[in-house]
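Data block below; observations after.
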Amino acid sequence: GPTGARSVPRQEEAQAIDQELFTEYKFSVDQLMELAGLSCATAIAKAYPPGSFTKSLPAVLVVCGPGNNGGDGLVCARHLKMFGYEPTVYYPKRPNKPLFEGLTTQCQKMDIPFLPEFPAEAALIDELYGLVVDAIFGFSFKGAVREPFGSILSTLEHITVPIASIDIPSGWDVEKGKADGLQPDMLISLTAPKKAAMHFTGRYHFLGGRFVPAALQKKYALNLPPYPGTDCVLQLT
Amino acid sequence: PAPLTQAFPLLSLPRKQPTVLVVCGPAQNGAIGLVCARHLRIFDYEPTIFYPKRSPDPLYRDFTTQCEKMDIPFLSYLPTEVQLINDAYNAVVDAVLGAEAELGEGRGPCAGILATLKLVRIPIVSLDVPSGWDVEAGSSSGISPDVLVSLTAPKQCARRFLGRQHFVAGRFVPYDVQKKFELNPPEYPGTECVVPL
């Protein structure tokens with residue numbers, strides 16, 4: 001690992017890094033969301049290869065929230081399909097923006113089903129899927145959890161199949177975590193791990209989003225360990 | 001950039017610095033070259049870009065900004081003294097002309113660049129179509145790349161490719177499109193986005 005202090009970005013810093021990527025470097029949200037979603041699918045494929053599922057099909061439920069974290073989830077679902085998984089998406093609150101409409105269309109055209117309603121019980125999720133991807137809330141999350149996500153998170157807190165959370169376990173405070181909240185088995189931190197990651201106790205912590213230029217890493221003292229070769233993910237634990 | 005890193009792994013390069021020259025044409029093929037250069041930089045190569053005719057497309061202009069902000073140098077001219085290129089770089093990425101190009105190698109604004117590329121002795125990695133080749137018939141006197149990266153699916157002219165390695169980068173193509181156009185791609189290993197043919 002790296003020597004020297006590593007700055008673990010607080011919520012404002014994580015947002016500042018994002019802003020700089022968009023305004024100074026002129027990355028588009030599409031570009032970074034695609035790379036982020038691909039990282040998530042790749043990390044999942046490394047930790048939970050299709051052959052490792054105990055059910056006959058490598059079925060994955062991807063729960064997408066109302067913002068960019070949900071967008072990451074849609075990209076992830078599409079790549080999971082290309083990697084041989086059978087993803088299903090639940091996407092109850094869809095923003096009226098071309099980016100999200102496009103991502104939804106891409107999934108639908110690839111025969112990824114969109115559930116009309118969320119499975120009523122945790123036991124049903126355990127029966128149908130081998131993994132759940134939590135793409136509900138990301139690092140911009142603040143305040144109270146609005147429905148239907150409160151009920152969704154309550155159900156997810158009772159499933160036994162593993163949960164892979166994108167960037168921040170949904171419902172957690174972005175810095176302090178949430179002791180009685182979701183306990184995912186995998187966390188994929190995007191760009192850099194946030195403070196909440198210090199409260200993560202699952203088996204797999206991956207870093208994804210291999211697009212931060214060296215100058216930006218230096219400016220925010222991210223001190224990220226090096227990615228292996230040309231991999232788009234780095235396993236931290 | 002994945003095929004380039006597989007064909008020329010960082011540690012195996014002959015020059016001390018992992019330098020790569022990325023030559024970008026004025027249209028989509030050139031824009032793909034810009035994206036490739038950025039990822040090469042992330043992978044710790046030292047790309048240099050030659051991009052004489054910059055596209056006015058806002059997306060491509062943003063790709064240019066991303067490269068500039070990542071301290072990737074842009075050459076103001078391409079040396080006609082080919083030995084300078086041979087000495088300075090380990091490989092050249094040919095992102096000059098793609099399948100959409102209408103004018104052949106001998107004509108058009110890229111003729112000078114292609115004439116120089118024909119003479120380089122270091123390996124050339126061509127993106128999608130060796131620049132200047134007819135997309136179907138190929139070319140008997142055009143550039144001879146060492147590596148070809150077919151995008152989406154190989155073009156007809158790929159049959160005339162005689163270089164060392166041919167990769168396909170098309171893992172994003174949905175199954176129904178693959179079927180409709182009878183693409184029959186090979187299996188991509190694991191989570192790789194490219195596969196050698």
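Residue numbers (UniProt numbering), protein chains in the order written: chain A, 1 to 237; chain B, 1 to 197. For glycine and all other residues, C-beta sits at the position ideal for the given N, C-alpha and C. All figures in this text were calculated on a predicted structure; none of them were measured in a lab.
Rounded distance between the beta-carbons of residue j and residue i, thought under 8 Å
i                        : j                        : result
histidine 166 of chain B : alanine 158 of chain B   : 7 Å
cysteine 40 of chain A   : glycine 171 of chain A   : About 18 Å separates the two Cβ atoms, so there is no contact after all.
leucine 216 of chain A   : glutamate 20 of chain A  : 6 Å
valine 120 of chain B    : asparagine 86 of chain B : 6 Å
serine 144 of chain B    : leucine 162 of chain B   : 7 Å
valine 135 of chain B    : lysine 155 of chain B    : 5 Å
leucine 34 of chain B    : threonine 64 of chain B  : 6 Å
Nearest neighbour of residue i, chosen from the options [CA to CA]
i                         : options                                : result
isoleucine 17 of chain A  : A:Glu175, A:Gly84, A:Glu121, A:Thr191  : A:Thr191
alanine 123 of chain A    : A:Glu101, A:Ser151, A:Leu156           : A:Leu156
alanine 101 of chain B    : B:Phe161, B:Ala27, B:Val82, B:Ala88    : B:Ala27
isoleucine 113 of chain B : B:Gly98, B:Gly138, B:Pro79             : B:Pro79
alanine 47 of chain A     : A:Leu182, A:Arg203, A:Asp167           : A:Arg203
proline 52 of chain B     : B:Glu192, B:Ala115, B:Leu84, B:Val96   : B:Val96
arginine 210 of chain A   : B:Leu34, B:Leu151, B:Leu40             : B:Leu40
isoleucine 163 of chain A : A:Gln15, A:Tyr90, A:Ile44, A:Gln11     : A:Ile44
glutamine 11 of chain A   : A:Leu224, A:Tyr227, A:Tyr220           : A:Tyr220
valine 23 of chain B      : B:Glu182, B:Tyr89, B:Gln83, B:Lys155   : B:Tyr89
proline 119 of chain A    : A:Cys232, A:Ser151, A:Ala214, A:Lys178 : A:Ser151
aspartate 134 of chain A  : A:Ala144, A:Pro66, A:Lys142            : A:Pro66
isoleucine 32 of chain B  : B:Arg15, B:Glu46, B:Pro14, B:Ser55     : B:Ser55
valine 145 of chain A     : A:Leu234, A:Lys178, A:Ile188           : A:Lys178
threonine 54 of chain A   : A:Glu121, A:Thr201, A:Glu127, A:Glu13  : A:Glu127
serine 154 of chain A     : A:Ala14, A:Cys232, A:Asn223, A:Gln183  : A:Gln183
residue 239 of chain A    : A:Val233, A:Lys218, A:Tyr227           : This structure gives no information on residue 239 of chain A, because the portion of chain A shown stretches from 1 to 237.
Min CB distance residue i to chain A below 7 Å
i                           : result
lysine 118 of chain B       : no
glutamine 66 of chain B     : yes
phenylalanine 43 of chain B : yes
lysine 69 of chain B        : yes
serine 62 of chain B        : The sequence given here places aspartate at residue 62 of chain B; serine does not occur at that position. Chain A contact via Cβ: present.
proline 130 of chain B      : no
threonine 191 of chain B    : yes
arginine 171 of chain B     : yes
proline 185 of chain B      : no
proline 174 of chain B      : yes
Under 7 Å between C-beta atoms of residue i and residue j
i                            : j                            : result
residue 199 of chain B       : valine 195 of chain B        : Past the edges of chain B, shown from 1 to 197, lies residue 199 of chain B, and the structure says nothing about it.
cysteine 110 of chain B      : glycine 170 of chain B       : no
tyrosine 85 of chain A       : valine 60 of chain A         : yes
aspartate 62 of chain B      : lysine 26 of chain A         : yes
aspartate 72 of chain A      : isoleucine 166 of chain A    : yes
threonine 42 of chain A      : phenylalanine 43 of chain B  : no
valine 174 of chain A        : alanine 197 of chain A       : no
lysine 81 of chain A         : isoleucine 125 of chain A    : no
asparagine 69 of chain A     : phenylalanine 137 of chain A : yes
serine 150 of chain B        : aspartate 94 of chain B      : no
glycine 130 of chain A       : valine 161 of chain A        : yes
cysteine 107 of chain A      : leucine 74 of chain A        : yes
phenylalanine 139 of chain A : lysine 194 of chain A        : yes
methionine 70 of chain B     : proline 213 of chain A       : yes
cysteine 76 of chain A       : glycine 37 of chain A        : yes
asparagine 29 of chain B     : glycine 98 of chain B        : yes
histidine 199 of chain A     : leucine 236 of chain A       : no
arginine 160 of chain B      : glycine 138 of chain B       : yes
CB contact below 7 Å: residue i versus chain B
i                            : result
threonine 42 of chain A      : yes
phenylalanine 22 of chain A  : no
phenylalanine 206 of chain A : no
proline 213 of chain A       : yes
threonine 230 of chain A     : yes
lysine 26 of chain A         : yes
alanine 45 of chain A        : yes
methionine 82 of chain A     : yes
methionine 186 of chain A    : no
proline 2 of chain A         : Low confidence applies here, because proline 2 of chain A scores a pLDDT of 44, under 50, leaving its location unreliable and the question unanswered by this model.
methionine 33 of chain A     : no
methionine 110 of chain A    : yes
Outcome for residue i when other beta-carbon atoms lying within 10 angstroms are tallied against a minimum of 16
i                        : result
proline 2 of chain A     : Confidence at proline 2 of chain A is low in this model, with a pLDDT of 44, below 50, so the placement of that residue is unreliable and no value is reported for it.
proline 116 of chain A   : exposed
histidine 158 of chain A : exposed
threonine 104 of chain A : buried
glutamine 66 of chain B  : buried
glutamine 17 of chain B  : exposed
glycine 4 of chain A     : Residue placement at glycine 4 of chain A is flagged as unreliable, the pLDDT there being 49, under the threshold of 50; a coordinate-derived value is accordingly withheld.
proline 87 of chain A    : buried
lysine 180 of chain B    : exposed
cysteine 193 of chain B  : buried
glycine 102 of chain A   : exposed
alanine 91 of chain B    : buried
serine 189 of chain A    : buried
leucine 59 of chain B    : exposed
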